[in-house]
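There are 2 protein chains.
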Amino acid sequence: MKKKKILIVGGVAGGASTAARLRRLDENAEIIMFERGEHISFANCGLPYYIGEVIQQRDALLVQTPEGMSAKFNIDIRVFNEVTKIDREKKVLQVKDLKNNRTYEESYDYVVLSPGASPIMPPIPGIKECKNLFTLRNIPDTDAIKSFVDNKKPKTAAVIGGGFIGVEMAENLVHRGLKVSLVEMADQIMGPIDYEMASILHNHIEDKGVQLILEDGVKSFEKDGKEIILQSGKKINTDLIIFSIGVRPENQLAKDANLELGVGGAIKVNEYLETSDPSIYALGDAIQVKDYINGQDAIIPLAGPANKQGRIVANNLVGKKEKYVGTMGSAVAKVFDMTVASVGNNEKIAKKQNLKYEVIHIHPGSHAGYYPGAFPISMKMLFDPKTDKILGAQAVGYDGVEKRIDVIATAIKAGLKATDLKDLELTYAPPFSSAKDPVNMLGFVAENMKHGLVETFQWHEVKALQDNKAVLVDVREEIERELGFIENTINIPLGQLRNRLSELPKKETIYVYCQVGIRGYLAARILTQAGYKVKNLDGGYKTYGAVFR
Amino acid sequence: MKKKKILIVGGVAGGASTAARLRRLDENAEIIMFERGEHISFANCGLPYYIGEVIQQRDALLVQTPEGMSAKFNIDIRVFNEVTKIDREKKVLQVKDLKNNRTYEESYDYVVLSPGASPIMPPIPGIKECKNLFTLRNIPDTDAIKSFVDNKKPKTAAVIGGGFIGVEMAENLVHRGLKVSLVEMADQIMGPIDYEMASILHNHIEDKGVQLILEDGVKSFEKDGKEIILQSGKKINTDLIIFSIGVRPENQLAKDANLELGVGGAIKVNEYLETSDPSIYALGDAIQVKDYINGQDAIIPLAGPANKQGRIVANNLVGKKEKYVGTMGSAVAKVFDMTVASVGNNEKIAKKQNLKYEVIHIHPGSHAGYYPGAFPISMKMLFDPKTDKILGAQAVGYDGVEKRIDVIATAIKAGLKATDLKDLELTYAPPFSSAKDPVNMLGFVAENMKHGLVETFQWHEVKALQDNKAVLVDVREEIERELGFIENTINIPLGQLRNRLSELPKKETIYVYCQVGIRGYLAARILTQAGYKVKNLDGGYKTYGAVFR
Ligand SMILES: Cc1cc2nc3c(=O)[nH]c(=O)nc-3n(C[C@H](O)[C@H](O)[C@H](O)COP(=O)(O)OP(=O)(O)OC[C@H]3O[C@@H](n4cnc5c(N)ncnc54)[C@H](O)[C@@H]3O)c2cc1C
Ligand SMILES: Cc1cc2nc3c(=O)[nH]c(=O)nc-3n(C[C@H](O)[C@H](O)[C@H](O)COP(=O)(O)OP(=O)(O)OC[C@H]3O[C@@H](n4cnc5c(N)ncnc54)[C@H](O)[C@@H]3O)c2cc1C
Ligand SMILES: CC(C)(COP(=O)(O)OP(=O)(O)OC[C@H]1O[C@@H](n2cnc3c(N)ncnc32)[C@H](O)[C@@H]1OP(=O)(O)O)[C@@H](O)C(=O)NCCC(=O)NCCS
Ligand SMILES: CC(C)(COP(=O)(O)OP(=O)(O)OC[C@H]1O[C@@H](n2cnc3c(N)ncnc32)[C@H](O)[C@@H]1OP(=O)(O)O)[C@@H](O)C(=O)NCCC(=O)NCCS
Chain E
1 MKKKKILIVG GVAGGASTAA RLRRLDENAE IIMFERGEHI SFANCGLPYY IGEVIQQRDA
61 LLVQTPEGMS AKFNIDIRVF NEVTKIDREK KVLQVKDLKN NRTYEESYDY VVLSPGASPI
121 MPPIPGIKEC KNLFTLRNIP DTDAIKSFVD NKKPKTAAVI GGGFIGVEMA ENLVHRGLKV
181 SLVEMADQIM GPIDYEMASI LHNHIEDKGV QLILEDGVKS FEKDGKEIIL QSGKKINTDL
241 IIFSIGVRPE NQLAKDANLE LGVGGAIKVN EYLETSDPSI YALGDAIQVK DYINGQDAII
301 PLAGPANKQG RIVANNLVGK KEKYVGTMGS AVAKVFDMTV ASVGNNEKIA KKQNLKYEVI
361 HIHPGSHAGY YPGAFPISMK MLFDPKTDKI LGAQAVGYDG VEKRIDVIAT AIKAGLKATD
421 LKDLELTYAP PFSSAKDPVN MLGFVAENMK HGLVETFQWH EVKALQDNKA VLVDVREEIE
481 RELGFIENTI NIPLGQLRNR LSELPKKETI YVYCQVGIRG YLAARILTQA GYKVKNLDGG
541 YKTYGAVFR
Chain Z
550 MKKKKILIVG GVAGGASTAA RLRRLDENAE IIMFERGEHI SFANCGLPYY IGEVIQQRDA
610 LLVQTPEGMS AKFNIDIRVF NEVTKIDREK KVLQVKDLKN NRTYEESYDY VVLSPGASPI
670 MPPIPGIKEC KNLFTLRNIP DTDAIKSFVD NKKPKTAAVI GGGFIGVEMA ENLVHRGLKV
730 SLVEMADQIM GPIDYEMASI LHNHIEDKGV QLILEDGVKS FEKDGKEIIL QSGKKINTDL
790 IIFSIGVRPE NQLAKDANLE LGVGGAIKVN EYLETSDPSI YALGDAIQVK DYINGQDAII
850 PLAGPANKQG RIVANNLVGK KEKYVGTMGS AVAKVFDMTV ASVGNNEKIA KKQNLKYEVI
910 HIHPGSHAGY YPGAFPISMK MLFDPKTDKI LGAQAVGYDG VEKRIDVIAT AIKAGLKATD
970 LKDLELTYAP PFSSAKDPVN MLGFVAENMK HGLVETFQWH EVKALQDNKA VLVDVREEIE
1030 RELGFIENTI NIPLGQLRNR LSELPKKETI YVYCQVGIRG YLAARILTQA GYKVKNLDGG
1090 YKTYGAVFR
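One line per chain: the protein sequences are E and Z, in this order. Residue numbers for the first sequence, in my numbering: 1 to 549. Residue numbers for the second sequence, in my numbering: 550 to 1098.
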């Protein structure tokens, strides 16, 4: 049997995973892994935390060294070697040895492209002149930022872009003692979740001292980056700029080789992760995937998918055919003391895709309320009212947040319906959960909506109801209103409702609300059975108040 | 429409849940809830932590008071009222008002039995004379134990029984400054997990100062409980005894009413949770359920199932027919600094039920190793080698333990196979997990076994191999052996293996091991492809060493 010769472009998440699995499957294959940088197999996701000195040893970021990985896996690892061209006719790669400044060719049976994605850098006036502007992708970027912070001792920083990396950088720079401004073009940070959920995070990061500037972008950089002029005209003086408005697939090699590209220039692959040339596989941040929920083409650059795709590519290379069926975008981030996690489609996507959906907001405790340290988790789930399919879920809280999203991600993967969540038998003891886990609660509420036990209205509908002088009833205790309430609402505590029905008009719809939605639901049940038409504020005052605090 | 009259026996997990849901579904039903004790709806599961003063407010244990619940739910709640007889002919319950010492009858359309389970108290010599012996089920028990600890200031305690409650009590008494002995008849504590997994806990609780006495039981209590004589002849002097060797279903009412009983005297119900009398439902700790994994009749007394069954009973009472399909026994407990969680069948059950199974042990990190605070989670999974069905999983560790079991519980519920676990898209950021989550790892390993990429041997097979002078190869680095190794093994570090193949005999099976199983797997792949017959120690030295430290 002829030895297969496989060339891998990119030596980190996708590339190194492919190489490792491939060697396990085929001891005889010739495997060469090209990496243009100095490091392979490093912890991209840990970089912000090393800058923040949460991770203290730089070495900890190097999951594998070239020497270590070569010894373990017998792989020819070539760092400082950049692949500059794919010659598909000749089946060779053109490689530039950056250390020795020479170019050479390497023939292949198969190529695996895992070149990742690079930070987007639009031609904003003054951006090139900035002496204090950084993007963050790899170890050299990290070293540059860290040494700037260590040596130049900046007092202020502006982070441009409120995605995962921007928010993680804002947090870590605050850890380092900087006064941080976070500038975001959209009306919210953390795009994968929706506005009212992000509002909880807005409040939290402002509490932590971050100056949050939403719905504004950079117009120009002045004074070598010491001053930022925003679209609004606002000026920010800053010692340090982190520019992180997103990434774009590294598609140059693929493009030059006339491989098919898809949305946003991402490399097109079939379900076996083959590009339009069957000798060339591609994976990771550079490729186009199927959105697992809505089936559309998408770019979802995450480490979990990249690692798993690497294993699949290796399997396919040795003929153990395996499909990659899509990405659902399960993601989590630490945001100071809070955690945010999500899976699947949010309401913005659902709207854009014209999906039919119902929304649920709940705020259950992370674990039993009577055991110390329980905090509410704010959760949102979208599901298809007809098929009951779970479209996505989001959660924000202090503890146990990503656990619930992982459970829902598993449910989605397995094709469980929204109402099936009520039947999940999840582990319970007081330090960990409640006898009815938050995920069960989502299932209960979904079932109640499906069965018509309750109708809900949303936080963003309140304004119009107030304007129309609708009957809005607060069923919380009077004392709870001291911490905030919705204007123009009557207060009838739940315990008194059965005896005070006569105060409510039978002809109008009654809009009830409570703190989190449970008592509102109980009130809705009482009123409905007493012949009223009634709607309950989904997520209660807590969801409403997160936006309008 | 005639009002339905529903009498509920037992006012805590199952009973109160039934009542609450029932009221939401039917505003007109007449609902009477009988509870022989003073409290309804209390936090059974929190009781040990109140004794340990982790939960500081006694009030926190009372999830609902009779007054509060009456007001919210318009339910006739009768505490200190014990139901003493079911007259099925007349359709009345006989009730004893314990406060006023009078007996009365209450008629019903339906009865719901949720009487729970009571601590087993065998007639051990001297048990009745003990002045310091307690069982723990309810608030009065809790008050008695706590006041004994507060006032009598015992210095030593003996906990008899190493199940959930026994272990939680041991921990909480250590918190209170007592020197605790834990006596268990079996060779391990925490029955739901297997011996080698429990060994990790044995080591941990001994490190925490608990004197662990396994494979020994109480022969007699002497000196009013100041002295315990064990079967082995060993004597324990103790100031306080917690007796918690298990619970048995409270079946007296059902038995007297000639309702069908099942295993261990548990009340038999059909899938709608109806007893053999269709006017009488039963749920919670008192009933027999189907083991979700193996389909056998079982008693699985847990709060999650009790609460969910309550909701199902209420649904069925109003004609929203719903089935209860079985219990998989998802459970978790805090054991000092560690967490133990499990779902489904363990190896002991699998053996007893003659199930065909394969075993996997892994020890992945709770989150990315380069981010502070990561600890290994020791996991065990059983699956059917033929159908690939997941039979059960167990995990012990410091963090992220129950998250992984919840994900697997969800997978089991949805009918995912062991190998499907590799495709789960779980959330990842360094503080929370790894790009390949521990649950994915179980899927990878399962797939490798199924595809014959690797064969494994188990910790308990090592002895026989040593006796038979099998070739045992330690592929760890030399320095790792300083912290322990398996006797009579040769050491060839993985990095050297390819060059030292000639040292190994081709005719014999090579048994390799490393620290957790990964390098052993890599070694196995190298050796297999070099023409050797090879087996890898499942779970590596870490699983082996937990037993033989
Ligand atoms: C700061 C930061 C934090 C992150 N945090 C998270 C997180 O918490 N969770 C999460 O899921 N994801 C996170 N990610 C994303 C995650 O790191 C990526 O999804 C993942 O690394 C993608 O893998 P990849 O193999 O496609 O690309 P990469 O891991 O980026 O590897 C691509 C490599 O290819 C090399 N390369 C490119 N072109 C060539 C060429 N022509 N020749 C030779 N070499 C080449 C590059 O130098 C690069 O090293 C984070 C990313 C960053 C930058
Ligand atoms: C200390 C302790 C810790 C626990 N920890 C956990 C845990 O961490 N996780 C977990 O899942 N489970 C735990 N459990 C188990 C959990 O509490 C039970 O599974 C659950 O309470 C069962 O609900 P039930 O309604 O069947 O019984 P119970 O909640 O026990 O309620 C039964 C009630 O019925 C009353 N009653 C009985 N007979 C009559 C009668 N004839 N007339 C009137 N009233 C009557 C009893 O007084 C009792 O109050 C724990 C239990 C204990 C005791
Ligand atoms: C480390 C890296 C090279 C991948 O190496 P890898 O060997 O595939 O991955 P791991 O070390 O996690 O080991 C996984 C393998 O061990 C096996 N395994 C895990 N635990 C095992 C055990 N206890 N017993 C036997 N096998 C085990 C798995 O089955 C898997 O093998 P398989 O793919 O052949 O089935 C690659 O992931 C990498 O470069 N990571 C860093 C970069 C990165 O991912 N960045 C983004 C996140 S920060
Ligand atoms: C508290 C107790 C009486 C049950 O009351 P309950 O009202 O059924 O339960 P909860 O308060 O958790 O509320 C759940 C209900 O609120 C609904 N709900 C939850 N969050 C909601 C929200 N944000 N909006 C609308 N509805 C919501 C759920 O759908 C569910 O209603 P449903 O069953 O009609 O679908 C009972 O569980 C109990 O006695 N517990 C203590 C004893 C015990 O369980 N011991 C063992 C564990 S320690």
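Glycine is no exception: its CB is placed at the ideal position from the N, C-alpha and C atoms.
{"Query": "Endpoints, the alpha helix (DSSP H) within which Z/Asn997 is located", "Result": "Pro987 to Lys999"}
{"Query": "Contact list for E/Ile55 against chain A, beta-carbon separation under 9 Å", "Result": "The displayed structure is made up of protein chains E and Z, and chain A is not among them."}
{"Query": "Three CB pairs or more closer than 8 Å across the segment 145–165 of chain E and the segment 261–273 of chain E", "Result": "no"}
{"Query": "9 Å Cβ cutoff met for E/Asn185 and E/Gly217", "Result": "The sequence shown places Met at residue 185 of chain E, rather than the Asn named in the question. In this structure, E/Gly217 lies closer than 9 Å to E/Met185 by Cβ."}
{"Query": "Interface residues of the segment 297–308 of chain E facing chain Z [CB-CB below 9 Å]", "Result": "Leu302, Ala303, Gly304, Pro305, Ala306, Asn307 and Lys308"}
{"Query": "Host alpha helix (DSSP H) of E/Pro66 (start-end)", "Result": "Pro66 to Phe73"}
{"Query": "Heavy atom of ligand 4 within 8 Å of E/Val516 beta-carbon", "Result": "yes"}
{"Query": "Limits of the unbroken alpha helix (DSSP H) element including Z/Asn864", "Result": "Ala852 to Leu866"}
{"Query": "Contact residues within the segment 37–52 of chain E, judged by C-beta distance below 7 Å to chain Z", "Result": "Ala43, Cys45, Gly46 and Tyr49"}
{"Query": "Reduced DSSP category for E/Lys542 - H, G, I as helix; E, B as strand; rest coil", "Result": "helix"}
{"Query": "Per-residue burial, E/Met69 [other beta carbons within 10 Å of its own, 16 or more giving buried]", "Result": "buried"}
{"Query": "CB contact check: E/Gln458 to chain Z, cutoff 9 Å", "Result": "no"}
{"Query": "Residues bridged to Z/Met582 [DSSP beta-bridge criterion]", "Result": "Z/Ile557 and Z/Ile626"}
{"Query": "Contact set for E/Pro493: own chain, Cβ-Cβ below 8 Å, skip 5 residues either direction", "Result": "Val475, Arg476, Glu477 and Glu478"}
{"Query": "Coarse secondary structure for E/Ala254, derived from DSSP in three states", "Result": "helix"}
{"Query": "Segment limits, beta strand (DSSP E) that includes E/Leu62", "Result": "Per DSSP, E/Leu62 belongs to no beta strand (DSSP E) and is neither H nor E."}
{"Query": "Proximal chain Z residues relative to E/Val407, where beta-carbon distance stays under 9 Å", "Result": "Lys952, Asp955, Val956, Ala958 and Thr959"}
{"Query": "Any non-hydrogen atom of ligand 2 within 8 Å of E/Ser366 CB", "Result": "no"}
{"Query": "Candidates E/Ala435, E/Gly14, E/Val54 and E/Lys96: closest to E/Phe336 by CA position", "Result": "E/Val54"}
{"Query": "Listed by chain order, chain Z residues near E/Thr327 by CB distance under 8 Å", "Result": "Glu974"}
{"Query": "Reduced DSSP category for Z/Phe885 - H, G, I as helix; E, B as strand; rest coil", "Result": "coil"}
{"Query": "Any non-hydrogen atom of ligand 1 closer than 8 Å to E/Tyr108 Cβ", "Result": "no"}
{"Query": "Any chain E beta carbon closer than 9 Å to Z/Val612", "Result": "yes"}
{"Query": "Heavy atom of ligand 4 within 8 Å of E/Lys430 beta-carbon", "Result": "Here residue 430 of chain E turns out to be Pro, not Lys, going by the sequence shown. Yes - ligand 4 has a heavy atom lying nearer than 8 Å to the Cβ of E/Pro430."}
{"Query": "In DSSP terms, what E/Gln188 is bridged to", "Result": "Paired residues: none, contrary to the question."}
{"Query": "Alpha-carbon to alpha-carbon, Z/Val1020 and Z/Lys1056", "Result": "11 Å"}
{"Query": "Contact under 9 Å by Cβ, E/Glu480 with E/Asn536", "Result": "no"}
{"Query": "Below-9 Å beta-carbon distance, Z/Leu1002 vs any chain E residue", "Result": "yes"}
{"Query": "Proximity test, Z/Asn630 beta-carbon vs ligand 2 heavy atom, cut-off 8 Å", "Result": "yes"}
{"Query": "Distance cut-off 8 Å: E/Pro48 Cβ against heavy atoms of ligand 1", "Result": "yes"}
{"Query": "Z/Lys962 beta carbon less than 9 Å from that of Z/Ala995", "Result": "no"}
{"Query": "9 Å Cβ cutoff met for Z/Ile555 and Z/Asp658", "Result": "yes"}
{"Query": "Assigned secondary structure, Z/Phe981 (DSSP; H/G/I helix, E/B strand, else coil)", "Result": "coil"}
{"Query": "Any 3 or more C-beta pairs closer than 8 Å across the segment 322–338 of chain E and the segment 384–403 of chain E", "Result": "yes"}
{"Query": "Euclidean distance between Cα positions of E/Gly392 and Z/Leu1076", "Result": "45 Å"}
{"Query": "DSSP state of Z/Met930 mapped onto helix, strand, coil", "Result": "strand"}
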